[in-house]
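Okay, structure first, notes after.
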């Protein structure tokens, strides 16, 4: 897939409608959250080199809302990620999911997982962290968000980013990383993995992982736990022994209702305990 040039990405960037092509057919277990009582939909976030699209959901009335950054899987900000923002908004949060691959390509239109991975591999961590900084700034200045009540959660690719952003921005009050890769080979674009920042972490991050995840070994989870012991963050990792990768993804066969619901309740309690409410 041809990479979008920086001059063109502003004009062509849009959010996905519906679910990503690569995740069809959609499971009957899919959760759909309505927009009643919410202001929800696409917005544009000013960033260093233009604008990126994002999906924002927030209560229709009020102000000074706690902020939750919702970080996408490799499939982009498609309907599942948008629905998660609405779930947060129903609970009184300003939730926002920026489209972090937009310069590299529109993964929602790709059906081949290898093509999607090729696009995602071109996304620099530095760009992602900068875009998230800009998203927080926008949430505070333009969307009635409270900078002192900032949380982040992400899934799969976004789980890794959750750990990294918590290390990058100490103003984050709490993070919840769902089955994000912890160990990997450093590259120029992705120079660090969560295990590399674990001992220096000051922000409390809750990691939620599946014991049957074939892509994230329990050995790496234990390595991460060991590194976290030397940090001041009071971070924790929970492993659901019978859960596979993507057990929260209600639109996919990997969904495990029991573990997903328990993980969601743990997330809400973690945010409350650490000042994101």
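Residue numbers (mature numbering (1 follows the signal peptide of the UniProt record, and there is no 0)): -28 to -1, 1 to 249.
Every residue, glycine too, gets a C-beta built ideally from N, C-alpha and C.
Can you give me the start and stop residues for the alpha helix (DSSP H) that residue i sits inside?
| i | result |
| --- | --- |
| residue 244 | 229 to 245 |
| residue 61 | 51 to 62 |
| residue 167 | 166 to 169 |
| residue 197 | 190 to 200 |
| residue 89 | 85 to 92 |
Can you pull the DSSP bridge partners for residue i?
| i | result |
| --- | --- |
| residue 22 | 19 |
| residue 181 | 211 |
| residue 150 | 127 and 180 |
| residue 11 | 30 |
| residue 118 | 38 |
| residue 45 | 48 |
| residue 68 | 28 and 41 |
What residue from the options has the CA that sits closest to residue i's CA?
| i | options | result |
| --- | --- | --- |
| residue 160 | 50, 14 and 93 | 93 |
| residue 145 | 135, 52, 11 and 84 | 135 |
| residue 48 | 58, 33 and 72 | 72 |
| residue 158 | 147, 151 and 97 | 97 |
| residue 170 | 229, 95, 139 and 220 | 139 |
| residue 231 | 213, 69, 25 and 4 | 213 |
| residue 44 | 68, 14 and 172 | 68 |
| residue 117 | 9, -13 and 33 | 33 |
| residue 235 | 127, 29, 223 and 106 | 127 |
| residue 23 | 226, 197 and 99 | 99 |
| residue -2 | 195, 227, -11 and 46 | 227 |
| residue 198 | 74, 168, 95 and 137 | 168 |
| residue 29 | 55, 216 and 107 | 55 |
| residue 165 | 4, 143, 193 and -14 | 193 |
| residue 250 | 46, 52, 51 and 66 | The structure shown does not extend to residue 250, since the chain spans only -28 to 249, so no value can be given for it. |
| residue 233 | 6, 220 and 4 | 220 |
| residue 82 | 195, -5 and 247 | -5 |
| residue 64 | 201, 53 and 7 | 7 |
| residue 109 | 246, 244, 66 and 188 | 66 |
| residue 78 | 201, -7 and 187 | -7 |
| residue 246 | 147, 225, 5 and 27 | 147 |
| residue 187 | 217, 196 and 224 | 217 |
| residue 162 | 95, 195 and 53 | 95 |
| residue 129 | 195, 200, 53 and 196 | 53 |
Give the C-beta separation of residue i and residue j to the nearest angstrom, bearing in mind that I take them to be a contact with Cβ-Cβ under 8 Å.
| i | j | result |
| --- | --- | --- |
| residue -9 | residue 102 | Residue -9 to residue 102, Cβ: 24 Å. No contact. |
| residue 9 | residue 31 | 6 Å |
| residue 203 | residue 173 | 4 Å |
| residue 131 | residue 156 | Incorrect: roughly 13 Å between the Cβ atoms, too far for contact. |
| residue 222 | residue 2 | 5 Å |
| residue 107 | residue 70 | 5 Å |
| residue 14 | residue -14 | 5 Å |
| residue 149 | residue 183 | About 16 Å separates the two Cβ atoms, so there is no contact after all. |
| residue 51 | residue -11 | 5 Å |
| residue 190 | residue 137 | In fact, because the Cβ distance is near 24 Å, the residues do not count as touching under 8 Å. |
At least one CB of chain C closer than 8 Å to the CB of residue i: is that the case?
| i | result |
| --- | --- |
| residue 79 | Absent from the structure: chain C. Only one protein chain is present. |
Do the region 239 to 249 and the region 10 to 21 make contact, defined as three or more Cβ pairs closer than 8 Å? no
Does the structure place the region 76 to 92 close enough to the region 113 to 123 that three or more beta carbon pairs sit under 8 Å? no
Specify whether the region 199 to 213 and the region 161 to 179 touch according to this definition: at least 3 beta carbon pairs, one from each stretch, less than 8 Å apart. yes
Touch check for the region 77 to 86 and the region 117 to 135: three-plus C-beta pairs under 8 Å? no
Counting pairs of beta carbons, one from the region 57 to 74 and one from the region 32 to 45, are three or more of them closer than 8 Å? yes
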